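Novice: The structure under discussion is supplied below as structure tokens; questions concerning it will follow.
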Amino acid sequence: MLHRLSSDRAQFKTLAFKPGLNIILASRHEGSDSSAKRRSRNGAGKSSVLDIVHFLLGGQTEGALKSSVVKDWNFTLELDVGPERLAVTRRASDATQVAIAGSSILQSRITNSLWCKHLGEAWFGWTGKKGAGGTSYRQLISFFARRKRDGGLEDPIRTFRSQTSASSETTLAELFGLDTELVRQLHYSKAAIKKLKTAQRALADLDKAAAPGTKQADLEAQLEAQIAAVKLGRDRLNTRIESFNVLPAFRELETELVILNQRFRDLSDDDILDAESIDVNIRSLESESLSELPDLTRLFAEAEIIFPDLVGGRYAEVRRFHEQLVANRKSHLQTEISSARRRIDEREPLREAVEERRRDITKALRASGPADQLLQLRDELSDREGELRQLKGRLEDARKLEVSIEQTEADLDDAIRALRQDRRERSAIVELASTTFSQISESLYEQPGSLAISATDDGLRFLPSTPFDQSAGVMSMEIFCFDLTIALLAQRRGIGPGFLLHDSHLFEPVDGRQFAKSLQIAAQISAETEIQYIALLNSDELDRAQRESGADFSDFVLETELSDLPGGGLFGARFD
Amino acid sequence: MILPTKNITPDRALLTLAGRIFDGLGVPRTISGIWDEFRLQQQSSPIAYSWFILAIDLLYLMQLVQLGDDGLLRRKRAVR
Numbered sequence: 001m002l003h004r005l006s007s008d009r010a011q012f013k014t015l016a017f018k019p020g021l022n023i024i025l026a027s028r029h030e031g032s033d034s035s036a037k038r039r040s041r042n043g044a045g046k047s048s049v050l051d052i053v054h055f056l057l058g059g060q061t062e063g064a065l066k067s068s069v070v071k072d073w074n075f076t077l078e079l080d081v082g083p084e085r086l087a088v089t090r091r092a093s094d095a096t097q098v099a100i101a102g103s104s105i106l107q108s109r110i111t112n113s114l115w116c117k118h119l120g121e122a123w124f125g126w127t128g129k130k131g132a133g134g135t136s137y138r139q140l141i142s143f144f145a146r147r148k149r150d151g152g153l154e155d156p157i158r159t160f161r162s163q164t165s166a167s168s169e170t171t172l173a174e175l176f177g178l179d180t181e182l183v184r185q186l187h188y189s190k191a192a193i194k195k196l197k198t199a200q201r202a203l204a205d206l207d208k209a210a211a212p213g214t215k216q217a218d219l220e221a222q223l224e225a226q227i228a229a230v231k232l233g234r235d236r237l238n239t240r241i242e243s244f245n246v247l248p249a250f251r252e253l254e255t256e257l258v259i260l261n262q263r264f265r266d267l268s269d270d271d272i273l274d275a276e277s278i279d280v281n282i283r284s285l286e287s288e289s290l291s292e293l294p295d296l297t298r299l300f301a302e303a304e305i306i307f308p309d310l311v312g313g314r315y316a317e318v319r320r321f322h323e324q325l326v327a328n329r330k331s332h333l334q335t336e337i338s339s340a341r342r343r344i345d346e347r348e349p350l351r352e353a354v355e356e357r358r359r360d361i362t363k364a365l366r367a368s369g370p371a372d373q374l375l376q377l378r379d380e381l382s383d384r385e386g387e388l389r390q391l392k393g394r395l396e397d398a399r400k401l402e403v404s405i406e407q408t409e410a411d412l413d414d415a416i417r418a419l420r421q422d423r424r425e426r427s428a429i430v431e432l433a434s435t436t437f438s439q440i441s442e443s444l445y446e447q448p449g450s451l452a453i454s455a456t457d458d459g460l461r462f463l464p465s466t467p468f469d470q471s472a473g474v475m476s477m478e479i480f481c482f483d484l485t486i487a488l489l490a491q492r493r494g495i496g497p498g499f500l501l502h503d504s505h506l507f508e509p510v511d512g513r514q515f516a517k518s519l520q521i522a523a524q525i526s527a528e529t530e531i532q533y534i535a536l537l538n539s540d541e542l543d544r545a546q547r548e549s550g551a552d553f554s555d556f557v558l559e560t561e562l563s564d565l566p567g568g569g570l571f572g573a574r575f576d
Numbered sequence: 001m002i003l004p005t006k007n008i009t010p011d012r013a014l015l016t017l018a019g020r021i022f023d024g025l026g027v028p029r030t031i032s033g034i035w036d037e038f039r040l041q042q043q044s045s046p047i048a049y050s051w052f053i054l055a056i057d058l059l060y061l062m063q064l065v066q067l068g069d070d071g072l073l074r075r076k077r078a079v080r
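Residue numbers (the UniProt record's numbering), protein chains in the order written: chain X, 1 to 576; chain B, 1 to 80.
What follows is the structure, given as structure tokens:
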């Protein structure tokens, strides 16, 4: 149950909730001027109440909370979590942390994800971060406070527009007390098969020979047939090449050509190495400044001071030594350069000889037609071999895929069987859910609707339906009955947050009498079961409901009212 | 320049370099051979060729090395 929603800013309209039915009213003051009309819907901050509640229950920063005006406001929600009544405080500019007051279990500052984990434990009995089948706490809690912005009011079984069947069905299975893990397995297998089939199609597309629309099952056979054909072609080529080689003269020439080619490459490599060494040595000659006598003078002067006994008067001797060093170095570099040049020159005639012989052989081989043909056959053969390798690889892939698909399909069948079996064994739960839904819808329409929960090949389907399916607002009333059913079943199993929040968007398409009826049902159920029902309504809509039904809800209306007048909204000030 | 000074770090002082060159003179070698090896060792803090030659000059000055007729630098037989 929720107790109090407040902020550390005085202009914020504090909301104090009571047990049972709570109606938060937003009054509209439609003026004749256009500016009043424009703000008539969103000025009071009804959806912001939902956004802040979600935010304080671990959700993301959404709606008005994104505005820079309120990013530093601390919002506080007092609520019951398990046996404790505590207060959680969070602000948009520091959303990774929440502050907790009044808890004997939690520290006073924890991360938001730890807060979510705690709520998952306290409200849904989880020991880990996620529930069975990978459901998340945030997905579950969304069924207790739907948001129009997310598309939560478009389909009873989805709380946001793009929610996948897998996500919605595991979440609902958890809420209804069915086996979540089985639902997850079923959807997992389905997704896996889809992926594998896509891969198979991609593989088939590679196969240009395959006629468009060829059956998947034929891919393997197709590949096998192709392989056989390519193999045959390769063997024929081999036979022809072998019969060519009966001419020994050609074979000798070919062998020689191969040797000559290698020889020529070796000679070129050596030339390159020598050219590089010439280059390096020339650069050394240029860059090394070789005779800097002033330095030598300084060296001598210093040495005389440091080693007076050693040096004596032998400057001329040292200088001669120095010049000898330099000359030696120069001549060494020169020798290196000239010997490299000589080696290159020596290679030149060799290269020419090799080149000439090579030309002759090639000419001989080409001139005698058969050799040309032989080379061509060789080329063709290596093409075939490559093709064959590729096809074999593809065949192997295709076989592996087929095996995976068979395996996964078997898994899927198992999952479907298990789900059906589980659904049968838990028929008591399903029956209770259907009965609950029927009772609620009956009191709404005087004729029961139905909720079928069926285990199909496609998953666990939840199919709520109400009588008079044509009437406007039927979807709204389905959602209303569905959510109440979830809240009741959860309450009975001792799980759930203990509240249900609906805003006026849900009731907008519903006629006044049904609207009033649904509020009466909500009031009655919440009085009987301690489920707190909070409705965020526009005052004129409530007036309409009261007028058309003769009922009176004024006892349930909260003291704090919101309005679209300046200073009357949830945040005190208006901002966009 | 022989000893380290404010501007010459100990590992660039001629005496240090001379000692290093002398260490490598177990066998007689050409100046180019010594230079190539020395350059590899000093890759992290390159030394100019002229500075390297001065270090050898210093060795000679201290009567530790001599240049043979074959153009190879070698240690001088100890006479002390």
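Just so it is clear, CB atoms sit at the ideal spot from N, CA and C, and this is done for glycine as well.
Computed from a predicted model, the values in this text were never measured in an experiment.
(1) Compile a chain-ordered list of the residues in the segment 294 to 313 of chain X whose CB is closer than 8 Å to at least one CB of chain B.
(2) Out of X:Asp503, X:Leu489, X:Lys363, X:Asp295, state which residue places its alpha-carbon closest to the alpha-carbon of phenylalanine 250 of chain X.
(3) Taking the alpha-carbon positions, what's the leucine 456 of chain X to arginine 147 of chain X distance?
(4) Within 8 Å (strictly less), CB to CB, does arginine 329 of chain X reach chain B?
(5) How long is the line joining the alpha carbons of lysine 517 of chain X and alanine 487 of chain X, rounded to whole angstroms?
(6) Any contact between the segment 193 to 201 of chain X and the segment 418 to 434 of chain X? By contact I mean 3 or more CB pairs, one from each, below 8 Å.
(7) Using the Cβ count rule (16 or more neighbours within 10 Å means buried), how would you classify aspartate 205 of chain X?
(8) So within the segment 103 to 151 of chain X, which uninterrupted beta strand (DSSP E) runs reach at least 3 residues, ignoring any that extend past its ends?
(9) Tell me the DSSP secondary structure of histidine 187 of chain X in three-state form.
(10) Which residues, taken in chain order from the segment 8 to 25 of chain B, show a beta carbon closer than 8 Å to some beta carbon of chain X?
(11) Tell me where the alpha helix (DSSP H) around arginine 513 of chain X begins and ends.
(12) Would glycine 68 of chain B count as contacting chain X if we go by Cβ distances under 8 Å?
(13) Exposed or buried, what is aspartate 179 of chain X when buried is set at 16 or more other beta-carbons lying within 10 Å of its beta-carbon?
(14) Given that leucine 325 of chain X touches chain B, what residues does it touch there, using C-beta distances under 9 Å?
(15) So, does the CB of valine 318 of chain X fall closer than 8 Å to a CB anywhere in chain B?
(16) Could you tell me if arginine 384 of chain X is buried or exposed, where buried requires 16 or more neighbouring beta carbons within 10 angstroms of its beta carbon?
(17) With 16 other CB atoms within 10 Å as the buried threshold, where does arginine 39 of chain X fall?
(18) Please return the same chain residues whose Cβ sits closer than 6 Å to the Cβ of alanine 87 of chain X, not counting the five positions on each side in sequence.
(19) Tell me the DSSP secondary structure of proline 349 of chain X in three-state form.
(20) Could you tell me which of X:Glu286, X:Gln532, X:Ser108, X:Asn74 sits nearest to phenylalanine 556 of chain X, measuring between CA atoms?
(21) Within 8 Å of any Cβ in chain X, is that where the Cβ of glutamine 63 of chain B sits?
(22) Just checking: is the beta-carbon of leucine 333 of chain X within a distance shorter than 8 Å of some beta-carbon in chain B?
(23) Cβ atoms of isoleucine 31 of chain B and leucine 59 of chain B: under 8 Å apart, would you say?
(24) Chain X beta carbons: is any one of them nearer than 8 Å to that of serine 50 of chain B?
(25) Three Cβ pairs or more, each shorter than 8 Å: is that satisfied between the segment 389 to 401 of chain X and the segment 166 to 176 of chain X?
(26) Under 8 Å, Cβ to Cβ, is there at least one residue of chain X near leucine 3 of chain B?
(27) Please state if the CB of valine 510 of chain X and the CB of serine 476 of chain X are separated by a distance shorter than 8 Å.
(28) Give me the Cβ distance between leucine 506 of chain X and lysine 190 of chain X, rounded to the nearest whole Å; I'm assuming they're in contact under 8 Å.
(29) Around the Cβ of arginine 4 of chain X, are there at least 16 other Cβ atoms within 10 angstroms (buried) or fewer (exposed)?
(30) Give the secondary structure of proline 464 of chain X by DSSP, where H, G and I count as helix, E and B as strand, and everything else as coil.
(31) Can you tell me where the beta strand (DSSP E) holding arginine 574 of chain X begins and where it ends?
(32) What did DSSP end up calling isoleucine 272 of chain X once you bin it into helix, strand or coil?
(33) Suppose you measure from the CA of isoleucine 105 of chain X to the CA of aspartate 458 of chain X; what does that come to, to the nearest Å?
(34) Check each residue of the segment 249 to 264 of chain X: if its Cβ is closer than 7 Å to any Cβ of chain B, include it; give the result in chain order.
Specialist: So, to answer that:
(1) Taking 8 Å as the Cβ-Cβ cut-off against chain B, the residues of the segment 294 to 313 of chain X that qualify are Asp295, Leu296, Arg298, Leu299, Phe300, Glu302, Ala303, Ile306, Phe307, Leu310, Val311.
(2) For the purposes of this step, residue 250 of chain X is identified with residue 250 of the first sequence, where counting begins at 1. When each option's Cα is compared against that of phenylalanine 250 of chain X, the closest is X:Lys363.
(3) One-based indexing of the first sequence puts residue 456 of chain X at position 456. One-based indexing of the first sequence puts residue 147 of chain X at position 147. The question names leucine, but residue 456 of chain X in the sequence shown is threonine. Distance between the alpha carbons of threonine 456 of chain X and arginine 147 of chain X is about 29 Å.
(4) Here residue 329 of chain X is taken as the residue at index 329 of the first sequence, counted from 1. Arginine 329 of chain X counts as touching chain B.
(5) Walking along the first sequence from the start, residue 517 of chain X turns up at place 517. Walking along the first sequence from the start, residue 487 of chain X turns up at place 487. A direct Cα-Cα distance of roughly 18 Å separates lysine 517 of chain X from alanine 487 of chain X.
(6) Taking a cut-off of 8 Å for Cβ pairs, the segment 193 to 201 of chain X and the segment 418 to 434 of chain X do not touch, as fewer than three such pairs fall below it.
(7) Locating residue 205 of chain X in the first sequence gives position 205, where the first residue counts as 1. It counts as exposed.
(8) Counting only runs of 3 or more, we get 109 to 111.
(9) To locate residue 187 of chain X, count along the first sequence from 1; it is residue 187. Residue state, collapsed to three classes: helix.
(10) If the cut-off is 8 Å between Cβ atoms, the segment 8 to 25 of chain B has Leu14 near chain X.
(11) Residue mapping note: residue 513 of chain X aligns to position 513 of the first sequence, counting from 1. Annotation for arginine 513 of chain X: the continuous alpha helix (DSSP H) segment containing it runs 512 to 529.
(12) As a first step, residue 68 of chain B is located in the second sequence; it is residue number 68 there, counting from the start. The C-beta of glycine 68 of chain B comes no closer than 8 Å to any C-beta of chain X.
(13) The residue given as residue 179 of chain X occupies position 179 in the first sequence. Aspartate 179 of chain X should be labelled buried.
(14) Here the question's residue 325 of chain X lines up with position 325 in the first sequence. Using a Cβ-Cβ cut-off of 9 Å, leucine 325 of chain X is close to Ile31, Ile53, Ile56, Asp57, Tyr60, Leu67, Leu73 of chain B, given in chain order.
(15) The residue labelled residue 318 of chain X in the question sits at position 318 within the first sequence. It does: the Cβ of valine 318 of chain X has a partner Cβ on chain B nearer than 8 Å.
(16) As a first step, residue 384 of chain X must be located in the first sequence, where it is residue number 384. Buried is the call here.
(17) The residue labelled residue 39 of chain X in the question sits at position 39 within the first sequence. Low per-residue confidence applies at arginine 39 of chain X: pLDDT is 47, beneath 50, and the placement is therefore not dependable, though the value from the model is reported in the following sentence. By the 10 Å Cβ count, arginine 39 of chain X comes out buried.
(18) Here residue 87 of chain X is taken as the residue at index 87 of the first sequence, counted from 1. The answer, listed in chain order, is Thr76, Glu78, Ala101, Gly102.
(19) Counting from one through the first sequence, the residue named residue 349 of chain X turns up at place 349. Residue state, collapsed to three classes: helix.
(20) Stepping through the first sequence from its first residue, residue 556 of chain X is reached at position 556. Of X:Glu286, X:Gln532, X:Ser108, X:Asn74, the residue nearest in Cα terms is X:Gln532.
(21) As a first step, residue 63 of chain B must be located in the second sequence, where it is residue number 63. It does: the Cβ of glutamine 63 of chain B has a partner Cβ on chain X nearer than 8 Å.
(22) By 1-based counting over the first sequence, the position of residue 333 of chain X is 333. For leucine 333 of chain X, the answer is yes, since a Cβ of chain B falls inside 8 Å of its Cβ.
(23) Here the question's residue 59 of chain B lines up with position 59 in the second sequence. Here the question's residue 31 of chain B lines up with position 31 in the second sequence. Taking C-beta atoms as the reference points, leucine 59 of chain B and isoleucine 31 of chain B fail to come closer than 8 Å.
(24) Within the second sequence, residue 50 of chain B is the residue found at index 50, counting from 1. Taking Cβ atoms only, chain X reaches closer than 8 Å to serine 50 of chain B, which makes this a yes.
(25) Under the Cβ criterion (8 Å, minimum of three pairs), the segment 389 to 401 of chain X does not count as touching the segment 166 to 176 of chain X.
(26) Along the second sequence, read from residue 1 onward, the residue named residue 3 of chain B stands at position 3. Taking a beta-carbon distance threshold of 8 Å, leucine 3 of chain B counts as an interface residue toward chain X.
(27) Along the first sequence, one-based indexing puts residue 476 of chain X at 476. Along the first sequence, one-based indexing puts residue 510 of chain X at 510. Judged by beta-carbon spacing, valine 510 of chain X lies within the 8 Å limit of serine 476 of chain X, meaning their Cβ atoms are closer than that value.
(28) For the purposes of this step, residue 506 of chain X is taken as residue 506 along the first sequence, with counting starting at 1. For the purposes of this step, residue 190 of chain X is taken as residue 190 along the first sequence, with counting starting at 1. The pair is not a contact, with the Cβ atoms about 32 Å apart (cut-off 8 Å).
(29) Counted from its first residue, the first sequence places residue 4 of chain X at position 4. That one is exposed.
(30) Taking the first sequence and counting its residues from 1, one reaches residue 464 of chain X at position 464. Looking at proline 464 of chain X - three-state DSSP - the assignment turns out to be strand.
(31) Here residue 574 of chain X is taken as the residue at index 574 of the first sequence, counted from 1. Unbroken run through arginine 574 of chain X: none, as it is neither H nor E.
(32) Mapped onto the first sequence, residue 272 of chain X falls at position 272. It is helical.
(33) Counting from 1 along the first sequence, the entry for residue 105 of chain X is found at position 105. Counting from 1 along the first sequence, the entry for residue 458 of chain X is found at position 458. Using only the alpha carbons, I get a separation of about 42 Å.
(34) Taking 7 Å as the Cβ-Cβ cut-off against chain B, none of the residues of the segment 249 to 264 of chain X qualify.
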